[in-house]
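Peer 1:
2 protein chains.
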Amino acid sequence: MIYMDNAATSWPKPPEVIHAVVRCMKKYGANPGRSGHRMAVQAGQILLYAREMLCELFNLRDPFQIIFTYNCTDALNLAIKGSVLPGDHVITTSMEHNAVVRPLKELEKQGLELTIVPASPDGVVDPNDIRKAIKPNTRLIVTTHASNVTGTIMPVEEIGKIARSHGIPYLVDAAQTAGVLPIDLSKLPIDMLAFPGHKGLLGPQGTGGLYIYPGTKLRHIREGGTGSQSESLFQPDILPDKYESGTMNTPGISGLGAAVKEILKHGQRKIYFHEKRLGKFFWEALSQLKKIKLYGPADPFMRTGIISINIGNKDSSEVCNLLDERYRIAVRGGLHCAPLAHKTIGTFCQGTIRFSYGFFNSLDEIKYCIRALEEISRE
Amino acid sequence: MIYMDNAATSWPKPPEVIHAVVRCMKKYGANPGRSGHRMAVQAGQILLYAREMLCELFNLRDPFQIIFTYNCTDALNLAIKGSVLPGDHVITTSMEHNAVVRPLKELEKQGLELTIVPASPDGVVDPNDIRKAIKPNTRLIVTTHASNVTGTIMPVEEIGKIARSHGIPYLVDAAQTAGVLPIDLSKLPIDMLAFPGHKGLLGPQGTGGLYIYPGTKLRHIREGGTGSQSESLFQPDILPDKYESGTMNTPGISGLGAAVKEILKHGQRKIYFHEKRLGKFFWEALSQLKKIKLYGPADPFMRTGIISINIGNKDSSEVCNLLDERYRIAVRGGLHCAPLAHKTIGTFCQGTIRFSYGFFNSLDEIKYCIRALEEISRE
Chain V
526 MIYMDNAATS WPKPPEVIHA VVRCMKKYGA NPGRSGHRMA VQAGQILLYA REMLCELFNL
586 RDPFQIIFTY NCTDALNLAI KGSVLPGDHV ITTSMEHNAV VRPLKELEKQ GLELTIVPAS
646 PDGVVDPNDI RKAIKPNTRL IVTTHASNVT GTIMPVEEIG KIARSHGIPY LVDAAQTAGV
706 LPIDLSKLPI DMLAFPGHKG LLGPQGTGGL YIYPGTKLRH IREGGTGSQS ESLFQPDILP
766 DKYESGTMNT PGISGLGAAV KEILKHGQRK IYFHEKRLGK FFWEALSQLK KIKLYGPADP
826 FMRTGIISIN IGNKDSSEVC NLLDERYRIA VRGGLHCAPL AHKTIGTFCQ GTIRFSYGFF
886 NSLDEIKYCI RALEEISRE
Chain S
526 MIYMDNAATS WPKPPEVIHA VVRCMKKYGA NPGRSGHRMA VQAGQILLYA REMLCELFNL
586 RDPFQIIFTY NCTDALNLAI KGSVLPGDHV ITTSMEHNAV VRPLKELEKQ GLELTIVPAS
646 PDGVVDPNDI RKAIKPNTRL IVTTHASNVT GTIMPVEEIG KIARSHGIPY LVDAAQTAGV
706 LPIDLSKLPI DMLAFPGHKG LLGPQGTGGL YIYPGTKLRH IREGGTGSQS ESLFQPDILP
766 DKYESGTMNT PGISGLGAAV KEILKHGQRK IYFHEKRLGK FFWEALSQLK KIKLYGPADP
826 FMRTGIISIN IGNKDSSEVC NLLDERYRIA VRGGLHCAPL AHKTIGTFCQ GTIRFSYGFF
886 NSLDEIKYCI RALEEISRE
């Protein structure tokens, strides 16, 4: 199996990740932050360790700026619904995943005002268009860090500066970039950054989180036991407990901590340039093939590890089935839960065939994919 | 280590559970319900298998009546916030965990009307008190199935009948009972049942779910990508997708499926009577010790696998520390995130020392705990 679906979930996981999950379940299987016995304390330390690893990756000091959530979608729901109220105005882009669009459209029914800034056909958003969309009641700007359809990287620094200069919180959806692109949160003007644990960060599914810039006003949206202020009938106001109710996915977070440690061990630079090399080769080869339509920016430094294509007018899902059945290549077709992005790049009905490669893919695998596409496009 | 903290998280996990988690991460590590390639399809089958196992346990037919959530708290937040609106009236009890109380108190700030029906000092709620609390605007009754402080089992069938006869949805918090008490959802008059995966069900942390009776009106509270109706900017109305946004904890749910299979293999009856035997012996021995105060009902059939005690006026957390340090017994002291329950049983400041035993505890371990308590109570 040639796995090219890393934009959905990265695979395989480093052995250290699986080992950490197993060790946690076997040795530290108690409830973190609840009881005071040693196994519960050790479980709590696992959560802290993972926060510290993430702090090192994102260049942060305070581990409690990182909140753990069920997944990136859960983090985005918290960040969006905890920030705005009916009557507020939110700006987003036409390149967003439904994890951003659907919560916003739901709030729109309840009186939220929403502006969706259109991107160019290769998925690039002009920061000036964001600036022009600002209104007196704009209370949140939310953009993806990189499109999950084309891989197009957004100008988050420029957008963040505009947001800061207007005193508007800026939320970034790092579903496609955390672990893959260097993200320095001590420098970037970002107020909240939602990330999944199981994509570029190489951790297990069932993990994700939200970075919260100190002082960001954010209401909790899930209340419950936190193991702290047990005497109170109200959610505690301390971090991270304010946003972390109920038992955390300790084994998963243990795996996430080990995964980020692996990234730090290899160095983000190495992972980054490996993907760029694959992306450059892949794109250049495909652009030689007649019937292949390529989407997104040609420059691999303007893209994450995604190449979205079509073969003439062939149905994208059918080509994906063929790639799976005949070539054992795992990719994703269709609309990738991002209908607005497909409208933007002109593939709304056809969808695209999305190859998403990662740290564990080789150049030989890319060459094999090219040969497969060559054969299919000749048929 | 004598592990007596199963009411927080059960431990150890059956080897089959850990094996299922590892196998999922290694072999079926793709994203379920998203792409169409074989690994993604296999991942989707893992979710279905776990739903089917839960259906067998709860005597249900349709696997999509089971929704997976982050944890039981997440399920309770969905069930509560998806059911009521400001101006509605909700009835609950004084034995609830903060996972029920805190969301309700939060909604109370926004105009929800709340009645907390008091229980007797051993934690028993009279169904007639629930009936008397019903108002024309009562839109939800929510009770625990068993207290996490005293183990007291609630008369859910009687309460459910009252709720049904008034057309009011009934939500049960099965945090302490799922997997431990037989629950026949084809017969019980329950509209929603929230459960954790990592307690009596013997699965990994980061899993939980909500059973939803067909036709129950429940709004979604977390929107995002579902892999279905990708073209729509709105949350799909189909089950289970309506309530399952973002990537599920597939490895955890794989472990949960294997865990429930183990329960079914051993038979719930066997687990149930094992716990009753331990509980009867434990209670009778402790009731002979002078300084020991026991809480909750004496009859083991009126309790889950919990015995909450105090030694004179000793601070409960300090005794727990002693049990951990000197005897390597893992228990939980304090208020157990259930302040109202401690007010009900008269232990609000002192808390209780909670022993929660499970399927993997032996009578010898219980005897060891008794000896330890004997020693401490003599000091």
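First to last, the protein sequences are chains V and S. Numbering of the first sequence is given in the working numbering, commencing with residue 526 and proceeding in unit increments. Numbering of the second sequence is given in the working numbering, commencing with residue 526 and proceeding in unit increments. For glycine and all other residues, C-beta sits at the position ideal for the given N, C-alpha and C. All figures in this text were calculated on a predicted structure; none of them were measured in a lab.
Please specify which runs of the alpha helix (DSSP H), each continuous and at least 4 residues long, are wholly inside the region 834-887 of chain S, giving them in chain order.
Peer 2: 841-852, 864-870
Peer 1: Candidates V:GLY561, V:GLY782, V:LEU665, V:VAL649: which alpha carbon is nearest GLU577 of chain V's?
Peer 2: For the purposes of this step, residue 577 of chain V is taken as the residue at position 52 of the first sequence. Answer by Cα proximity: V:GLY782.
Peer 1: Per the contact definition of three or more C-beta pairs closer than 8 Å, is the region 851-858 of chain S in contact with the region 558-575 of chain V?
Peer 2: yes
Peer 1: Can you check the region 554-584 of chain S for any beta strand (DSSP E) of at least 3 residues that lies completely inside it and give the ranges in chain order?
Peer 2: none
Peer 1: Pull up the DSSP beta-bridge partners for PRO721 of chain V, would you.
Peer 2: Taking the first residue of the first sequence as 1, we reach residue 721 of chain V at position 196. V:GLY733.
Peer 1: Please tell me whether ALA784 of chain S and LYS630 of chain S are closer than 9 Å, where the distance is taken between their beta carbons.
Peer 2: Your numbering for residue 784 of chain S matches position 259 in the second sequence. Your numbering for residue 630 of chain S matches position 105 in the second sequence. No, the Cβ-Cβ distance between ALA784 of chain S and LYS630 of chain S is not below 9 Å.
Peer 1: For HIS791 of chain V and chain S, any beta-carbon pair shorter than 9 Å?
Peer 2: To locate residue 791 of chain V, count along the first sequence from 1; it is residue 266. Chain S contact via Cβ: absent.
Peer 1: State yes or no: is the beta carbon of VAL538 of chain V nearer than 9 Å to at least one beta carbon in chain S?
Peer 2: Taking the first residue of the first sequence as position 1, residue 538 of chain V is located at position 13. Here the sequence assigns Lys to residue 538 of chain V, which means Val is not the residue at that position. At a cut-off of 9 Å between C-beta atoms, LYS538 of chain V counts as an interface residue with respect to chain S.
Peer 1: Quick check: is the beta carbon of GLU748 of chain S nearer than 9 Å to any beta carbon in chain V?
Peer 2: Along the second sequence, read from residue 1 onward, the residue named residue 748 of chain S stands at position 223. Chain V, which has a Cβ nearer than 9 Å to the Cβ of GLU748 of chain S, makes this yes.
Peer 1: Looking only at its chain, what residues have a beta carbon closer than 7 Å to the beta carbon of LEU727 of chain S, apart from the 5 residues adjacent to it on each side?
Peer 2: Within the second sequence, the letter at position 202 stands for residue 727 of chain S. The residues are SER535, LYS538, PRO539, VAL542, GLY704, ALA784, GLU787, ILE788.
Peer 1: Can you find a CB in chain V that lies within less than 9 Å of the CB of GLN590 of chain S?
Peer 2: Here the question's residue 590 of chain S lines up with position 65 in the second sequence. False, the Cβ-Cβ gap to chain V never drops below 9 Å.
Peer 1: Would you say HIS914 of chain S and GLY733 of chain S are within 9 Å of each other, going by their C-beta atoms?
Peer 2: Outside the shown range of chain S (526 to 904) lies residue 914 of chain S, about which nothing can therefore be said.
Peer 1: Which residue's Cα is closest to the Cα of PRO661 of chain S: S:ALA688, S:GLU843, S:ASN653, S:ILE678?
Peer 2: Against the second sequence, residue 661 of chain S aligns to sequence position 136. Considering only alpha carbons, the answer is S:ALA688.
Peer 1: Looking at LYS552 of chain S and GLN567 of chain S, is the spacing between their C-beta atoms short of 9 Å?
Peer 2: Looking up residue 567 of chain S in the second sequence gives position 42. Looking up residue 552 of chain S in the second sequence gives position 27. Result yes, Cβ atoms of GLN567 of chain S and LYS552 of chain S sit closer than 9 Å.
Peer 1: For TYR695 of chain S, does the three-state DSSP call read helix, strand or coil?
Peer 2: The residue you call residue 695 of chain S lines up with position 170 of the second sequence. Of the three classes helix, strand and coil, the one that applies to TYR695 of chain S here is strand, per DSSP.
Peer 1: Touch check for the region 693-702 of chain V and the region 656-676 of chain V: three-plus C-beta pairs under 8 Å?
Peer 2: yes
Peer 1: Can you list, in chain order, the stretches of the alpha helix (DSSP H) that have 4 or more residues and sit fully within the region 625-710 of chain S?
Peer 2: Within the region 625-710 of chain S, the complete alpha helix (DSSP H) segments of 4 residues or longer fall at 652-658, 681-690, listed in chain order.
Peer 1: Where do the N-terminal and C-terminal ends of the alpha helix (DSSP H) with PHE589 of chain S fall, by residue?
Peer 2: The residue labelled residue 589 of chain S in the question sits at position 64 within the second sequence. No residue range can be given for PHE589 of chain S, since it is assigned to no alpha helix (DSSP H) and is classified by DSSP as neither H nor E.
Peer 1: Following the continuous beta strand (DSSP E) through ILE616 of chain S, name the residue where it begins and the one where it ends.
Peer 2: Taking the first residue of the second sequence as 1, we reach residue 616 of chain S at position 91. Where ILE616 of chain S is concerned, the enclosing beta strand (DSSP E) stretches over 614-618.
Peer 1: For the alpha helix (DSSP H) containing HIS818 of chain S, list its first residue and its last residue.
Peer 2: Locating residue 818 of chain S in the second sequence gives position 293, where the first residue counts as 1. The sequence given here has Lys at residue 818 of chain S, not His. Element bounds for LYS818 of chain S: not the alpha helix (DSSP H) but the beta strand (DSSP E), 817-819.
Peer 1: Over the uninterrupted alpha helix (DSSP H) stretch that includes GLU800 of chain V, give me the two end residues.
Peer 2: Within the first sequence, residue 800 of chain V is the residue found at index 275, counting from 1. GLU800 of chain V -> alpha helix (DSSP H) spans 793-811.
Peer 1: Are the C-beta atoms of CYS845 of chain V and some chain S residue less than 9 Å apart?
Peer 2: One-based indexing of the first sequence puts residue 845 of chain V at position 320. Chain S contact via Cβ: present.
Peer 1: Return the CA-CA distance between GLU769 of chain V and ASP654 of chain S, expressed in angstroms with no decimal places.
Peer 2: Numbered from 1 along the first sequence, position 244 holds the residue referred to as residue 769 of chain V. Numbered from 1 along the second sequence, position 129 holds the residue referred to as residue 654 of chain S. Taking the straight line from one Cα to the other gives about 34 Å.
Peer 1: Sorted by chain position, which residues of the same chain lie with C-beta nearer than 7 Å to SER841 of chain S's C-beta, five sequence neighbours on each side aside?
Peer 2: Against the second sequence, residue 841 of chain S aligns to sequence position 316. Same-chain partners within the cutoff: ASN835, GLY858, GLY859, GLN875, GLY876, THR877, ILE878.
Peer 1: Strictly below 9 Å CB to CB, what residues from chain V border ALA555 of chain S?
Peer 2: By 1-based counting over the second sequence, the position of residue 555 of chain S is 30. What ALA555 of chain S touches in chain V: TYR528, ASP530, ALA533, THR534, TRP536, ALA855.
Peer 1: In terms of residues, what are the limits of the alpha helix (DSSP H) holding ASN774 of chain S?
Peer 2: Taking the second sequence and counting its residues from 1, one reaches residue 774 of chain S at position 249. First-last for ASN774 of chain S: undefined, no H or E at that position.
Peer 1: Starting from the Cα of LYS816 of chain V, find the closest Cα among V:ILE901, V:GLY777, V:ILE715, V:GLY685 and give me that residue.
Peer 2: Numbered from 1 along the first sequence, position 291 holds the residue referred to as residue 816 of chain V. When each option's Cα is compared against that of LYS816 of chain V, the closest is V:ILE901.
Peer 1: By the three-class DSSP mapping on this structure, what secondary structure does ILE715 of chain S have?
Peer 2: Working through the second sequence from its first residue, we reach residue 715 of chain S at position 190. Correct three-state label for ILE715 of chain S: coil.
Peer 1: Please name the residue, chosen from V:TYR528, V:GLN570, V:VAL547, that lies closest to PRO557 of chain V on a Cα-to-Cα basis.
Peer 2: Indexing the first sequence from 1 puts residue 557 of chain V at position 32. Measuring from the Cα of PRO557 of chain V, the nearest candidate turns out to be V:GLN570.
Peer 1: Work out the CA separation of ASP824 of chain S and LEU601 of chain V for me, nearest whole Å.
Peer 2: Residue mapping note: residue 601 of chain V aligns to position 76 of the first sequence, counting from 1. Residue mapping note: residue 824 of chain S aligns to position 299 of the second sequence, counting from 1. Approximately 47 Å, taken between the alpha carbons.
Peer 1: Cβ of PHE798 of chain S versus every heavy atom of the ligand COA: is any distance shorter than 8 Å?
Peer 2: For the ligand COA, the structure offers nothing, since it holds no ligand at all.
Peer 1: Using a Cβ-Cβ distance cut-off of 9 Å, determine whether LEU493 of chain V contacts chain S.
Peer 2: Since the displayed chain V opens at 526 and closes at 904, residue 493 of chain V lies outside it and no answer follows.
Peer 1: Less than 9 Å between the C-beta atoms of PHE583 of chain S and ILE592 of chain S, yes or no?
Peer 2: Along the second sequence, read from residue 1 onward, the residue named residue 583 of chain S stands at position 58. Along the second sequence, read from residue 1 onward, the residue named residue 592 of chain S stands at position 67. Cβ distance not < 9 Å, so PHE583 of chain S and ILE592 of chain S don't count as in contact.
Peer 1: Looking only at its own chain, which residues have a Cβ that is under 6 Å from the Cβ of SER639 of chain S, when we skip the five neighbours before and after it?
Peer 2: Counting from one through the second sequence, the residue named residue 639 of chain S turns up at place 114. According to the sequence provided, residue 639 of chain S is Leu. The question's Ser does not apply to it. Within the same chain, LEU639 of chain S has close Cβ partners VAL615, LEU629, GLU633.
Peer 1: Which chain S residues sit within Cβ distance under 9 Å of ARG576 of chain V?
Peer 2: Taking the first sequence and counting its residues from 1, the one referred to as residue 576 of chain V is at position 51. Here the premise fails: no neighbours, minimum Cβ distance about 16 Å.
Peer 1: Evaluate contact between the region 710-721 of chain S and the region 746-754 of chain S, counting only Cβ atoms and requiring at least three cross-stretch pairs below 8 Å.
Peer 2: The count of Cβ pairs closer than 8 Å, one atom from the region 710-721 of chain S and one from the region 746-754 of chain S, stays below three, leaving the stretches out of contact.
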